Each structure stands twice: as C-alpha cells, then as structure tokens.
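There are 2 protein chains.
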Amino acid sequence: MVDEEQVKSEIIEVAKGLIQQFGINKVTMKDIAQAAGKGKSTLYYYFKNKEEILDAVIEDEMHQFYSSSEKAVQNETGFENKLRTYINTKVKTIEIKLKNYAFLIEVDHHYFDFRNYFTRASLLFNDREKVLIESILKCGVQTGKIDPDKVHGKDGFEMAEILLIAIRGLEMEVFLKKKIENIETKTDMMIEILLNGLK
Amino acid sequence: MVDEEQVKSEIIEVAKGLIQQFGINKVTMKDIAQAAGKGKSTLYYYFKNKEEILDAVIEDEMHQFYSSSEKAVQNETGFENKLRTYINTKVKTIEIKLKNYAFLIEVDHHYFDFRNYFTRASLLFNDREKVLIESILKCGVQTGKIDPDKVHGKDGFEMAEILLIAIRGLEMEVFLKKKIENIETKTDMMIEILLNGLK
DNA sequence: TTTCGACCCAAATACATTTTTGGTCTAAAA
DNA sequence: TTTTAGACCAAAAATGTATTTGGGTCGAAA
C-alpha cells in the first residue's frame, strides 16, 4: 500500500522538471513515465489523462506562486509593511518564475501564451488573491491607517477588487519587460498613493 | 496627379475592412487590390510590401484608439472630469474594438494574440499615453486639486507612469472579461483613491 | 491494490506535389 | 512623369498520402 498523494505529487514534480527543460508540448507520457521510473500505463492509474497531469503541474506552480506572497504578508506586521511586502514579493516571484520558464516563453509561444496565463489567473485565483488583499486592508482598518468606509465602496463593492486590478497592471509590466526599471521606486509611489487615498 | 496620402489611406481602409471580415491571414494582396478597384502591382507603388500595409492598418487602429480618449479628455474641463472621462472613454473604446475584431480574436488566435497587442501597445504608445496622463495631472495641479510634489516623485520619476500601469490593469480586465461588471462603480472608486491619494 | 507490456487508433509528422500568393518588371495608359 | 495592369517568377502555403508517434485501454501478473 503506497501513499497515493505522495506518488501523485512525485509524478507532478517529474513532469514539471521535464516541462521546464523541454517545453510543454515536447513532453510525452512515455517521457514522464520513464523519468518517474514507472510504466506508462501506471500514470493512468493515478491520473485520468495527460491533461490532468499538465493541469496539476500548472495548478501546483500557481499555488506556489500565490502562497509565497501569502506567507510573506503573514510574516509582516503593520498595514504599510504588509502592503509593500505583498507587492514586492509578487514582483520578485514573477521574475523567478519567468527565469524558470524563460525557454518555454521564448520558444513555445503557442502554449504558454499570455492570454492563457492571465485568463487562468483571473478565473482561478482572483478570489484567493482578493482574500489576501482584504486581509491586508483589514489590518489597515484595525490600525487606523485607512478609512473603513472606503474598504467597502458603494453598492457593497470591494476596494480589494480595485487594488487587484491595479496590481495586475504591475504584474503585466513585469511580465512584458522582464526587468522593470526602478521597480521599488514605483511600488513605493503606488503605496504612497494608496496610503493617502484610503486614509 | 492624385493625392498620394489619400490613396494610401483609402487602401488602408479597404484592407482594414477585409481584415475585420475575414481575419488577417486570409487576406491576400489580390483581395485588397480587387476590393480597392486597383491592380495588384499598384499597391506596390504606394507601399513597399504587404507588411507595410498591415502595419499601417494596425497603426491606424491604434492611433484611433488613443486619439479617441485624447479628444474626449480635451473636451472636458476640470481635473476630476478629465480623469473620469479618460478612463471611461478608454474602456468603452476597447469594448467597441473588441466587437469589431471579435471574429479575429476568437478564430485567429495566432496572430492577434494578447501578448503581441500589449507589447506593441506599451512600446509604441506608452509615451504618448504618458503625455496625456501628464496633461491631466497638470490640470489637477493648476486647479489645486493635487499636490505638485506628488506628480514628480523622487528620482525625478513620473507619477504618470504609475497611473498608466494601474490603468493597463483595467484595460486587461476589459480585454479578458469583455463585459466588466459595474465598471463605472469601479472607475469611480479608483478615481476617488487617486483624488485623495494625490491631494 | 498496483504495475506493466502489448495493443489500438487518432493525431501528428514527413515528404512529395500542386496551387496560391507575395513581389518584380516591363510596357502602356493617363 | 505619374499611375496602372498583365505577365512572370520564386517562395510559401496548401493538398494529398504514407509513416510514425503518442495518448489511452486492457488483461494479466506481481
């Protein structure tokens, strides 16, 4: 009796490594099986099909991506610090991931396209990210740094959504330019506006 | 003797129409020539090659796109109005353009991809858009609505760039979701933050 | 319960052939 | 001189066919 989850995540890791090396549409089920030291059909015991493996890899990557900023924010105290850490961690994580998949993005235009990524990001993780931003805002309200009335706008709308949209713009900037000039000055300026704007 | 610029823009318009109808990689030089009521080689009298025509079409579209918000802003008075008009016009123009090219975007994934568009947009039109935002900010400074010191950040950095980044996020949101819910409430909230944040 | 090799078939690839299309050139019309 | 069209060419794209690859199933065995 083996730990199913253990084996599954092992396969996912192996697949991830291959994808980073060779690009997502070069990797075959045979490749994954061999690299995992298993028979091809064994993979089908753990996963329904190839898509499920690939999805799991992407999901896993994105999970890591988001949880890294979540953790960083939790370890920080104070509204301003949390906000600054949130944005900075995010930018840095994107830069790292871009390096890991640099090959992919250059060569393999088709699969890993931009739209795909951002569509997926906004569909799957918007809510999760909104929760994080809300927790930061909450901290700001508790410490009296920001006005509670401004967190929940009219029509019961969430300020977190607006911040998320603005931050997606920053994300995109990093994505496109790879190395954003004076990123820290820019985040500082953004944070200053937010601090005053939400006061 | 005919007006060269006139003929050129005629050809561009014809090409644009065909592209909107059939998608950019179905349109041939013969198609364009026929639709323009001219011989194929005539096109080469006005343009160096096909790429130049296609580029001209895209340039033209983007020019329209940006000038529509520029005009709208110029016709408005007062910082707050200008800012609101700028964002709203932009969102509306994107929605319209998306409709025109809906077919393209659905079917012709390859060419009109997201990354392409945004890369091009940021390379070619960032400066132009920055100028527009700067003019809005200037108006805000003159009417005492915002603090001059905040327009030019430390290191001689421009606040306009930060706003542009945030607005690109909004653009992307419209792009991806097509119909953004409560867009006006959202822009209002964004503007409110900016008004207070830059005061 | 878990693994594997053999097997199947749809999809991708490779290759040769034909057609289309971008681009040139020359001559004639305006 | 400016502008246009038709014939022409080479390169690219489309087409058709043969071949291989790769996703997915199955039964047997560990």
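Those protein sequence lines, which keep their order, are chains C and F. Each step along the first sequence adds one to the number in our numbering, with nothing skipped, and position 89 is 89. Each step along the second sequence adds one to the number in our numbering, with nothing skipped, and position 12 is 1012. Ideal placement from N, C-alpha and C gives every residue a C-beta, glycine not left out. Just so it is clear, the structure is predicted and the values come from calculations on it, not from any experiment.
- GLU1181/F in three-state terms, based on DSSP: coil
- Task: Starting from ARG1168/F, find everything on chain C with Cβ-Cβ shorter than 8 Å and list it in chain order.
- Result: GLY169, MET172 and GLU173
- Task: Compare the C-beta of LEU1194/F with all C-beta atoms of chain C and state if any pair is closer than 8 Å.
- Result: yes
- Compute the beta-carbon to beta-carbon distance between GLY197/C and LEU1194/F, rounded to the nearest angstrom, for a pair I have assumed lies under 8 Å. 6 Å
- Message: Could you check whether the segment 1073-1084 of chain F touches the segment 1039-1056 of chain F, counting it as contact only if at least three pairs of C-beta atoms, one from each stretch, sit closer than 8 Å?
- Response: no
- Message: Among ILE1087/F, ARG1168/F, ILE1094/F and LYS1199/F, whose alpha-carbon lies nearest the alpha-carbon of TYR1140/F?
- Response: The amino acid occupying residue 1140/F in the given sequence is Gly; Tyr does not appear at that position. The residue with the shortest Cα to Cα distance from GLY1140/F is LYS1199/F.
- Query: Given a threshold of 16 other Cβ atoms within 10 Å of its Cβ, counted over all protein chains shown, does TYR1111/F qualify as buried or as exposed?
  - Reply: Low confidence applies to TYR1111/F: its pLDDT is 42, below 50, so where it sits in the model is not reliable, and the reading given next is rough at best. Label assigned to TYR1111/F: exposed.
- Query: What did DSSP end up calling GLU1061/F once you bin it into helix, strand or coil?
  - Reply: helix
- Query: From the beta carbon of GLY197/C, is the nearest beta carbon of chain F less than 8 Å away?
  - Reply: yes
- Identity of the residues DSSP links to GLU158/C by a beta bridge: HIS152/C
- For THR187/C, does the count of other Cβ atoms within 10 angstroms reach 16, so buried, or fall short, so exposed? buried
- Closest by C-alpha distance to SER67/C, when choosing among ASN81/C, THR93/C, TYR45/C and VAL57/C: THR93/C
- Item | C-beta atoms of TYR1101/F and GLN1021/F nearer than 8 Å | no
- Pull up the distance between the alpha-carbon of THR89/C and that of ALA1015/F, whole angstroms please. 46 Å
- Let me know the secondary structure DSSP gives LEU198/C once reduced to three states. coil
- Item | With 16 other Cβ atoms within 10 Å as the buried cut-off, status of ARG168/C | buried
- Unbroken alpha helix (DSSP H) runs of length 4 or more, entirely within the segment 1003-1068 of chain F: which are they? 1004-1022, 1029-1036 and 1040-1046
- Can the beta-carbon of ALA33/C be found less than 8 Å from the beta-carbon of LYS26/C? no
- Message: Among the candidates THR1143/F, SER1009/F, LEU1124/F and MET1159/F, whose CA atom is the shortest distance from the CA of LEU1043/F?
- Response: SER1009/F
- Distance, Cα to Cα, ASP1147/F vs GLU1184/F? 26 Å
- Task: Given a cut-off of 8 Å, decide if ILE1012/F and ASP1060/F are closer than it, judged by their beta-carbon atoms.
- Result: yes
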